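Peer 1: As you go down the protein sequences, you meet chains A and B in turn. Sequence positions in the first sequence follow this note's numbering and run 1 to 163. Sequence positions in the second sequence follow this note's numbering and run 164 to 271. Glycine included, every Cβ here is placed at the ideal spot set by N, Cα and C. Note that the coordinates shown come from a computational prediction; the quantities given were computed from them, not determined experimentally.
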Amino acid sequence: MNEIIGIIICTILAWLNFVLVDTYFGLPEQAGVKGAETVGESIEKRGGDIAGGFFQGNILCSPDASAGTLITSIGYLLLGIRGAFIAAMLIYIGNRLCADPGYAGTVGSLTMTVILFLGSFVGLTPEMFIVGIVIAITTIQGLDHKSSSKILGKIANVFNRHA
Amino acid sequence: MIVGIHEIYILKDYILAIIISILIAYALKIPLLPKKPYRFSFQKSALFPTPIFAIGFMAFAQVLNINLPYEGVIAIIVGVFTAFFVKYIFDFLFPLPPESNLGDDTNE
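1) Our contact map puts A238 (chain B) next to A188 (chain B) with C-beta atoms below 8 Å; I'd like the distance itself, whole angstroms only.
2) Does T138 (chain A) pass the burial test, meaning 16 or more other C-beta atoms within 10 Å, or should it be called exposed?
3) What are the residues in the segment 212–245 of chain B lying within 8 Å of chain A by C-beta distance?
4) What does S208 (chain B) pair with, by DSSP beta-bridge criteria?
5) Mind listing which residues of the segment 24–50 of chain A have their C-beta closer than 9 Å to chain B's C-betas, in chain order?
6) Tell me the rounded alpha-carbon separation between G218 (chain A) and P232 (chain B).
7) Which of the three DSSP states, helix, strand or coil, is assigned to K45 (chain A)?
8) Using only the heavy atoms of the ligand ZN, determine whether one of them is closer than 7 Å to the beta carbon of M128 (chain A).
9) Tell me which residues share the same chain as H145 (chain A) and place their Cβ nearer than 6 Å to its Cβ, disregarding the 5 neighbours each side in the sequence.
10) Return no unless some Cβ of chain B is closer than 8 Å to the Cβ of F85 (chain A).
11) Among the residues of its own chain, which have a CB less than 8 Å from the CB of G164 (chain A), if the five just before and after it don't count?
12) Can you grab the Cα-Cα spacing for the pair N17 (chain A) / M112 (chain A), in whole Å?
13) As a quick exercise: from B:I240, B:Y172, B:I252 and B:I185, pick the residue whose alpha carbon is nearest that of A209 (chain B).
14) Would you say T269 (chain B) lies against chain A (beta-carbon separation less than 8 Å)?
15) Any C-beta of chain A sitting closer than 8 Å to the C-beta of S184 (chain B)?
16) Does any C-beta atom of chain B lie closer than 8 Å to the C-beta of T111 (chain A)?
17) Could you tell me the alpha carbon to alpha carbon distance between L179 (chain B) and G242 (chain B), rounded to whole angstroms?
18) Does the CB of P260 (chain B) have a neighbour CB from chain A at under 8 Å?
19) Closest to I115 (chain A) by C-alpha separation, out of A:T72, A:L152 and A:Q30, would be which residue?
20) Using DSSP with H/G/I as helix, E/B as strand and the rest coil, what is Y201 (chain B)?
21) I believe I8 (chain A) touches L124 (chain A) by the beta-carbon criterion, under 8 Å. Please report the beta-carbon distance rounded to the nearest angstrom.
22) Starting from L78 (chain A) and walking both ways along the alpha helix (DSSP H), at which residues does that stretch end?
23) Check whether the segment 143–159 of chain A and the segment 210–218 of chain B touch, using three or more Cβ-Cβ pairs below 8 Å as the test.
24) Looking at C-alpha atoms only, which residue of B:K198, B:K207 and B:L174 is the closest neighbour of Y251 (chain B)?
25) Return the residues of the segment 84–107 of chain A that lie within a Cβ-Cβ distance of less than 7 Å from chain B, sorted by chain order.
26) Express the C-alpha separation of K45 (chain A) and N270 (chain B) in angstroms, rounding to a whole number.
27) For the alpha helix (DSSP H) that M112 (chain A) lies in, which residues bound it at each end?
28) Below 6 Å CB to CB, which residues in the same chain sit around S149 (chain A) once its five sequence neighbours on both sides are set aside?
29) If you check the beta carbons only, do F25 (chain A) and R202 (chain B) fall under 8 Å apart?
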């Protein structure tokens, strides 16, 4: 598959994977730690959405499905499915060290393993997914907090997970 | 990287390790499910995170190329080890976070 088309598809898949899994497991509902609360309130003060702010604070403060998606892709690139499973365990350990129950990160990692496995049949390589998730995280954390938090707030509303 | 039938074939060891770890963890009186609400519960249970450690340890065993004469024996050993790990060692390695960090008071 053409690399550019592959990266675009992988970006969309990675974005959907981490945003949907993180939202389902309640990241926008409450801040897990003080740092996430500070980030959320700061984004709200600048005109953003509090649920989107908590979401961004939470993925900043602990390895949730965003980190799960990235580390699983790297593990899959290095060791195949075994690497993805090792990544899932390491993400759970990382979650617990960051005072997080670990459901979002671990489930995100396992769903990403399935996506990587299915993607390998149509020519989507782990390298494309690594680039894709970096772009996906940049759209949430790196471009404009105000508008991205509003989008995350709307998705949280759909899942009934708004703060 | 194209994943072939071989990669699907090795999954049987993981499934065996997961089933054995859950059964033994439950037999060691670890609750089957965490306390409600599940999303915010830090309590360990037989269904989470026991299978995560089972697949992690199993993957480590395969990557390190640990082989035993009989097929599937390594999966059984990993399953048993994981259940005992979660029962007796888990709490020392991953203690509950301090109350102030749980986030219960952050929405007030």
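Peer 2: According to the structure data:
1) What you label residue 238 (chain B) is simply residue 75 of the second sequence in a count that begins at 1. What you label residue 188 (chain B) is simply residue 25 of the second sequence in a count that begins at 1. With a Cβ gap of about 15 Å, A238 (chain B) and A188 (chain B) do not count as contacting.
2) Residue numbering aside, residue 138 (chain A) sits at position 138 when the first sequence is read from its first letter. With a 10 Å radius around the Cβ and a threshold of 16 neighbouring Cβ atoms, T138 (chain A) comes out exposed.
3) Cβ contacts with chain A: P212, I215, F216, I218, G219, F220, M221, A222, F223, Q225 and V226.
4) Working through the second sequence from its first residue, we reach residue 208 (chain B) at position 45. Paired residues: B:P212.
5) Among the residues of the segment 24–50 of chain A, those with a Cβ less than 9 Å away from any Cβ of chain B are Y24, F25, G26, E29, Q30, A31, G32, V33, K34, A36, E37 and G40, in the order of the chain.
6) In the structure displayed, chain A extends from 1 to 163; residue 218 (chain A) sits before or after that span and is not available.
7) The residue given as residue 45 (chain A) occupies position 45 in the first sequence. In this structure, K45 (chain A) counts as helix in the three-state DSSP scheme.
8) For the ligand ZN, the structure offers nothing, since it holds no ligand at all.
9) As a position in the first sequence, residue 145 (chain A) is number 145, starting the count at 1. Cβ neighbours of H145 (chain A) beyond the five flanking positions: I43 and G48.
10) For the purposes of this step, residue 85 (chain A) is taken as the residue at position 85 of the first sequence. True, the Cβ-Cβ gap to chain B drops below 8 Å.
11) As displayed, chain A neither begins before 1 nor continues past 163, which places residue 164 (chain A) out of reach and without an answer.
12) Position 17 of the first sequence holds residue 17 (chain A). Position 112 of the first sequence holds residue 112 (chain A). Each residue's Cα considered, the two are about 7 Å apart.
13) What you label residue 209 (chain B) is simply residue 46 of the second sequence in a count that begins at 1. Just measuring C-alpha positions, the residue of B:I240, B:Y172, B:I252 and B:I185 sitting nearest A209 (chain B) is B:I185.
14) Your numbering for residue 269 (chain B) matches position 106 in the second sequence. Residue placement at T269 (chain B) is poorly supported in this model, since its pLDDT is 44, which falls under 50; the coordinates still yield a value, given next. Judged by the 8 Å Cβ criterion, T269 (chain B) is in contact with chain A.
15) Translated into the one-based positions of the second sequence, residue 184 (chain B) becomes position 21. Closer than 8 Å: no.
16) Walking along the first sequence from the start, residue 111 (chain A) turns up at place 111. Proximity of T111 (chain A) to chain B, defined by a Cβ-Cβ separation below 8 Å, is not satisfied.
17) Counting from 1 along the second sequence, the entry for residue 179 (chain B) is found at position 16. Counting from 1 along the second sequence, the entry for residue 242 (chain B) is found at position 79. When rounded, the distance between both Cα atoms is 8 Å.
18) Position 97 of the second sequence, counting from 1, holds the residue named residue 260 (chain B). Yes, contact with chain A.
19) Within the first sequence, the letter at position 115 stands for residue 115 (chain A). Comparing alpha carbon positions, the residue from A:T72, A:L152 and A:Q30 closest to I115 (chain A) is A:T72.
20) Taking the first residue of the second sequence as 1, we reach residue 201 (chain B) at position 38. Of the three classes helix, strand and coil, the one that applies to Y201 (chain B) here is helix, per DSSP.
21) Walking along the first sequence from the start, residue 8 (chain A) turns up at place 8. Walking along the first sequence from the start, residue 124 (chain A) turns up at place 124. So it is not a contact: roughly 11 Å between Cβ atoms.
22) Numbered from its first residue, the first sequence carries residue 78 (chain A) at position 78. In the DSSP annotation of this structure, the continuous segment of the alpha helix (DSSP H) that includes L78 (chain A) starts and ends at A65 to L79.
23) No contact exists between the segment 143–159 of chain A and the segment 210–218 of chain B.
24) For the purposes of this step, residue 251 (chain B) is taken as the residue at position 88 of the second sequence. Nearest C-alpha to Y251 (chain B): B:K207.
25) Residues F85, I86, A88, M89, Y92, R96, A99, P101, G102, Y103 and T106.
26) Here residue 270 (chain B) corresponds to residue number 107 of the second sequence, with the count starting at 1. Here residue 45 (chain A) corresponds to residue number 45 of the first sequence, with the count starting at 1. With a pLDDT of 43 at N270 (chain B), under the threshold of 50, the modelled position of this residue cannot be trusted; read the value that follows with caution. Between N270 (chain B) and K45 (chain A), the C-alpha separation is close to 15 Å.
27) In the first sequence, counting from the first residue as 1, residue 112 (chain A) sits at position 112. Where M112 (chain A) is concerned, the enclosing alpha helix (DSSP H) stretches over Y103 to G119.
28) Residue mapping note: residue 149 (chain A) aligns to position 149 of the first sequence, counting from 1. Within the same chain, S149 (chain A) has close Cβ partners I43, G48, D49, G52 and G53.
29) Locating residue 25 (chain A) in the first sequence gives position 25, where the first residue counts as 1. Locating residue 202 (chain B) in the second sequence gives position 39, where the first residue counts as 1. Yes; because the gap between Cβ atoms is below 8 Å, this pair is in contact.
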